[in-house]
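Working notes, structure below.
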Amino acid sequence: MPNTTTRDTVILGSGCAGLTAAIYAARANLKPLVLEGHEPGGQLSITTLVENFPGWPEGVQGPELIERMKQQAVRFGAELKMAQLVSADLSKHPYELNLGAGKDPIHTRTLIIASGASARWLGLPSEQALIGHGVSSCATCDGFFASGKEIAVIGGGDSAMEEALFLTRFATKVTLINRTDHFRASRIMMERATAHASIQLLSSTVVEEVLGVEEKEVRCLRLRNVKTGERTELPVSFMFLGIGHTPNAKPFHGQLDLDADGYILTHGNVFVTHNGKDVPGIFACGDIQDRRYRQAITAAATGCMAALEAEKFLEDHGR
Ligand SMILES: Cc1cc2nc3c(=O)[nH]c(=O)nc-3n(C[C@H](O)[C@H](O)[C@H](O)COP(=O)(O)OP(=O)(O)OC[C@H]3O[C@@H](n4cnc5c(N)ncnc54)[C@H](O)[C@@H]3O)c2cc1C
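In case it helps, my numbering puts the sequence shown at residues 1 to 319.
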């Protein structure tokens with residue numbers, strides 16, 4: 001039997017934006033359904049110590065913070081489901097959400113999109129094993145831990161330059177590693193980076209392995225010059241990725257307005273549009289619509305706003 005119940009609120013994503021939205025929506029008695037997606041708990045579930053979330057003076061482990069948010073949402077009646085949104089039909093209201101072949105579609109009056117933006121990684125097994133132990137994709141979050149250390153930043157665009165410059169506040173030496181001999185960064189950012197005494201640029205170089213998996217801390221990078229084939233080792237205590245993020249907005253291509261990189265465009269913090277017109281009852285929050293701050297607290301803040309707007313929408317339009 002197909003499930004024909006129409007939900008008041010479905011929340012896409014179980015990171016800090018989605019779970020904060022779930023806490024607020026549940027406390028407003030909207031009985032939200034949270035689709036957890038490919039990364040239950042979101043980006044914080046793959047990190048270690050979070051030291052900048054208010055209320056935790058000694059810091060808190062990312063997975064613990066997320067687990068507590070989940071418990072808080074469930075306590076007020078949120079339902080969490082291990083499922084991935086594959087496609088959505090936003091052309092008619094209530095909206096239809098499809099979870100893949102053989103699964104019943106879900107219909108919902110309001111949709112809160114909190115699907116985040118996934119950091120791009122090199123994809124090396126040693127890199128993945130050391131995330132949270134010296135490998136990071138967030139300089140704002142983890143720069144402090146690099147105090148007094150020699151570190152590497154991967155990438156050749158503006159975000160890598162920005163990260164490298166920011167990290168010179170903490171690290172004694174920053175090596176910027178770019179796989180081609182051409183840095184894509186703007187001239188001004190390039191000039192700032194090259195002029196900085198603590199930044200060294202290494203071009204035409206790839207990371208083949210991050211050493212330190214057994215010790216559970218980054219010790220060294222094994223590098224290869226792609227032109228000469230020469231292999232070297234660079235002793236560093238941290239590797240920061242600065243090669244961008246991929247916004248998880250695929251199901252909404254052609255149905256919501258996105259920016260050139262695929263982030264959902266919002267106005268008034270959480271309102272979304274299609275062809276410049278507001279789409280009723282759909283709100284976006286967290287990193288999927290924020291390429292600037294990308295923090296747990298800002299994601300949580302917009303998650304709260306999205307839930308309050310969903311509640312108001314349902315009140316105005318009858319539940
Ligand atoms: C290594 C690392 C360390 C960090 N450290 C800190 C820190 O110390 N302090 C800090 O403030 N911030 C930190 N951040 C940043 C912080 O984690 C993000 O800003 C925050 O997680 C964004 O929350 P979000 O809910 O918007 O998205 P995310 O956390 O990315 O969650 C997105 C959710 O959407 C789900 N999803 C995606 N697509 C679909 C789909 N099609 N269907 C269903 N679900 C879907 C995913 O499964 C996931 O649950 C760190 C990030 C990283 C990567």
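Even glycine gets a Cβ: it sits at the ideal position worked out from N, Cα and C.
Residue i: CB within 7 Å of a non-hydrogen atom of ligand 1
i    : result
L35  : yes
P105 : no
D142 : yes
L167 : no
F53  : yes
Q43  : yes
N225 : no
Q84  : yes
I297 : yes
S136 : yes
R292 : no
T266 : no
V50  : yes
P251 : yes
D287 : yes
T246 : no
I23  : no
T9   : no
G116 : yes
C220 : no
S14  : yes
heavy atom of ligand 3 below 7 Å from residue i C-beta
i   : result
E39 : Ligand 3 is not part of the structure shown, which contains ligand 1 as its ligands.
Alpha carbon of residue i to alpha carbon of residue j, nearest angstrom
i    : j    : result
I151 : K103 : 47 Å
Y293 : E315 : 31 Å
D257 : E96  : 18 Å
G242 : L201 : 14 Å
P63  : W56  : 14 Å
I66  : A25  : 17 Å
D261 : I199 : 28 Å
A300 : L19  : 8 Å
L99  : I106 : 8 Å
A296 : K149 : 25 Å
G286 : F76  : 22 Å
S203 : F170 : 23 Å
V226 : M189 : 24 Å
M1   : R222 : With a pLDDT of only 46 at M1, under the threshold of 50, the placement of this residue in the model should not be trusted, and no figure is reported.
Y263 : Q71  : 29 Å
T228 : T194 : 23 Å
D259 : I282 : 17 Å
N178 : F144 : 23 Å
H317 : P94  : 12 Å
I46  : S147 : 22 Å
P280 : L80  : 24 Å
H38  : W121 : 16 Å
L176 : Q255 : 39 Å
V153 : T168 : 11 Å
M82  : F240 : 30 Å
G156 : H274 : 33 Å
E230 : H196 : 27 Å
8 Å Cβ shell around residue i - same chain, five flanking residues per side excluded
i    : result
T124 : It should be pointed out that residue 124 corresponds to Leu in this sequence rather than to Thr. Cβ within range, chain order: V207, E208, E209, V210.
R192 : M161, L165
G276 : D257
Other residues of its chain near residue i: CB distance less than 7 Å, five sequence neighbours each side excluded
i    : result
V60  : V50, F53
D278 : F271
D142 : S136
L85  : L12, L35, L97, L99, P251
N248 : S115, G116, A117, S118, I288
T298 : D290
Chain-order list of residues whose beta-carbon lies under 6 Å from that of residue i (same chain, five-residue window excluded)
i    : result
T140 : none
H245 : A117, A119
A22  : I11, P32, V34, A73, A78
V213 : S126, A129
A28  : E311
M69  : L19
A307 : A21, Y24, A25
T9   : A25, L30, P32, T110, A310
R291 : Y263
R7   : L33, T108
K173 : E150, S198
C138 : none
F313 : T110, G281
For a minimum of 3 consecutive residues, which ranges assigned as the beta strand (DSSP E) are wholly contained in the stretch 20 to 107? 33 to 35, 79 to 81, 87 to 89, 95 to 98
Count the C-beta pairs between the stretch 154 to 168 and the stretch 179 to 190 that are closer than 8 Å, then say yes if the count reaches three, no if not. yes
On the three-pair Cβ rule with 8 Å, is the stretch 107 to 115 touching the stretch 11 to 23? yes
Do the stretch 31 to 41 and the stretch 130 to 142 make contact, defined as three or more Cβ pairs closer than 8 Å? With the cut-off at 8 Å, the stretch 31 to 41 and the stretch 130 to 142 do not touch.
For the stretch 231 to 248 against the stretch 202 to 219, are there 3 or more C-beta pairs whose distance is under 8 Å? yes
Would you call the stretch 87 to 102 and the stretch 38 to 46 in contact, with 3 or more CB pairs under 8 Å? no
Measuring CB atoms only, is the stretch 254 to 274 touching the stretch 164 to 171, in the sense that at least three cross pairs come out at less than 8 Å? no
Restricting to runs no shorter than 3 residues, where is the beta strand (DSSP E) found entirely within the stretch 159 to 221? 173 to 177, 199 to 202, 205 to 211
As an exercise, report each continuous beta strand (DSSP E) stretch of at least 3 residues that is fully enclosed by the stretch 111 to 159, in chain order. Taking only runs of at least 3 residues, the beta strand (DSSP E) segments lying wholly in the stretch 111 to 159 are 117 to 119, 150 to 154.
In chain order, what are the residue ranges of uninterrupted beta strand (DSSP E) at least 3 long that sit wholly in the stretch 229 to 308? Runs of the beta strand (DSSP E) inside the stretch 229 to 308: 231 to 235, 238 to 241, 245 to 247, 271 to 274, 277 to 284.
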